[in-house]
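Every number in this note's numbering is 3 more than the matching position in the sequence shown, counting from 1. Every residue gets a Cβ at the ideal spot worked out from N, C-alpha and C, and that includes glycine. Bear in mind the structure is a predicted one, so any value in this text is a computation, not a measurement.
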Amino acid sequence: METLDINGHPVRKWQIGASTFLAYPEAGARLMNWHLTLADGSYRDVIHWPEDADLNNIAHVRGGNPVLFPFSARTFDKGDLGYWRAPDGERRPMAMHGYARQGRFEIVTEHDHGFTAQFKPDEECRVAYPYDYTFMVRYRFEQLAFFVDYELVNHGSQAVPWSAGHHFYFSLPWHEGLGRGEYVINAPAKKAFHQDGEGKLVPVKDFPEAASFDDERIVDLIRCRLKTSEVRFGPRGGEEDILVRIGDQKVPAPWTTLVTWTQNADSPFYCVEPWMGPPNSPELQKGLHFVEPGKSEVFSVEVALA
4 METLDINGHP VRKWQIGAST FLAYPEAGAR LMNWHLTLAD GSYRDVIHWP EDADLNNIAH
64 VRGGNPVLFP FSARTFDKGD LGYWRAPDGE RRPMAMHGYA RQGRFEIVTE HDHGFTAQFK
124 PDEECRVAYP YDYTFMVRYR FEQLAFFVDY ELVNHGSQAV PWSAGHHFYF SLPWHEGLGR
184 GEYVINAPAK KAFHQDGEGK LVPVKDFPEA ASFDDERIVD LIRCRLKTSE VRFGPRGGEE
244 DILVRIGDQK VPAPWTTLVT WTQNADSPFY CVEPWMGPPN SPELQKGLHF VEPGKSEVFS
304 VEVALA
């Protein structure tokens, strides 16, 4: 591991075999980029990071893996965006995707294969999410894969709700001369939804288990009741697949969620996002997890080249 000074920001670099990983642990525990050095000396990006990224405003950079905590996406309270109703009945504010992606983290450990960082909530977060807890992000990097754990520890006397997620920006397409239509994602699920303007889940009846990335039906698609913990995508030929594995069970919990999203048709990325539950989980009571006093819970994801 080495530290790079990028415009005054201490970015960490790990070189493990053909893989290079870049991360900024103190700024949102942000994984920034994963790329491979190929046999001919060229590079292949796996996790996209824009060259003009503003590290002073890292929360809004479209790249890497923003940490979504305590809740993923938009929350509502009785149709009002940007609020949630806590178990004690009090209505509180809640930023989109929570507070960790723009938050400060403190490094717990750094080593030759990754890091662990602890979230340090600011006053805005403490008002919105007033619990006594520790939230940590752990990354472990390997030659052709990485593992990331979210751990929430409850130090208080009341159960702590959460439904965190990942927002992986995958580089796509990754072959010169190919378009999105030449890449396919296979994500078998029993249910799929869109979120409406009041936070409700609207069922999608006609959704594909396998689809090309130029299929508009998968943009902002919320898949739940996943049939398997493994999501695969890559070129139509089946070579060079990327594997996203959620947890350590063959089938995840029923409301474990996979979201596919991109900004527009010519964006150099497509997001494949494993979440603990769907958007607006506090109001819907779907995919909302509770950590009891004195207990902890871990949400684990693996990303690998298959």
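C-alpha distance - residue i paired with residue j, whole-angstrom precision
i	j	result
Gly168	Ser45	32 Å
Arg129	Leu175	37 Å
Asp217	Leu224	13 Å
Asp8	Val111	20 Å
Val14	Asp91	40 Å
Pro282	Val70	14 Å
Phe72	Glu127	14 Å
Gly66	Phe171	8 Å
Glu286	His292	12 Å
Trp165	Gly200	22 Å
Trp87	Tyr134	15 Å
Leu84	Asn59	27 Å
Residues sharing a beta bridge with residue i, DSSP
i	result
Ser215	Val187
Ile221	Answer is none; Ile221 lacks a bridge partner.
Ile110	Ala120
Trp17	Phe24
Integer-rounded CB distance, given that residue j should sit under 8 Å from residue i
i	j	result
Asn68	Leu34	4 Å
Arg239	Glu185	6 Å
Val151	Val304	5 Å
Phe173	Phe302	That belief does not hold up - the Cβ atoms of Phe173 and Phe302 are roughly 19 Å apart, past 8 Å.
Short CB-CB distance (under 9 Å) between residue i and chain C
i	result
Thr263	Among the chains of the structure shown, chain C does not appear; only one protein chain is present.
Chain-order list of residues whose beta-carbon lies under 7 Å from that of residue i (same chain, five-residue window excluded)
i	result
Ser2	Shown here, the chain extends from 4 to 309; a query on residue 2 therefore has no answer.
Leu41	Arg47
Lys289	Trp258, Gly280, Pro281
Tyr177	The residue asked about is misnamed: residue 177 is Trp in this sequence, not Tyr. So the qualifying residues of the chain are Arg47, Asp48.
Neighbourhood of residue i by C-beta distance below 6 Å, restricted to the same chain and skipping five residues each side
i	result
Asp244	Arg235, Gly237, Ala309
Trp37	Phe24, Val49, Ile50
Asp115	Met4
Gly20	Gln146
Cβ pair residue i, residue j closer than 9 Å
i	j	result
Gln121	Pro296	no
Lys298	Val205	no
Leu147	Ala192	no
Tyr136	Val163	yes
Ala190	Thr265	no
Own chain partners of residue i with C-beta closer than 8 Å, once the 5 adjacent residues on each side are dropped
i	result
Asp125	Tyr102, Gly106, Arg107
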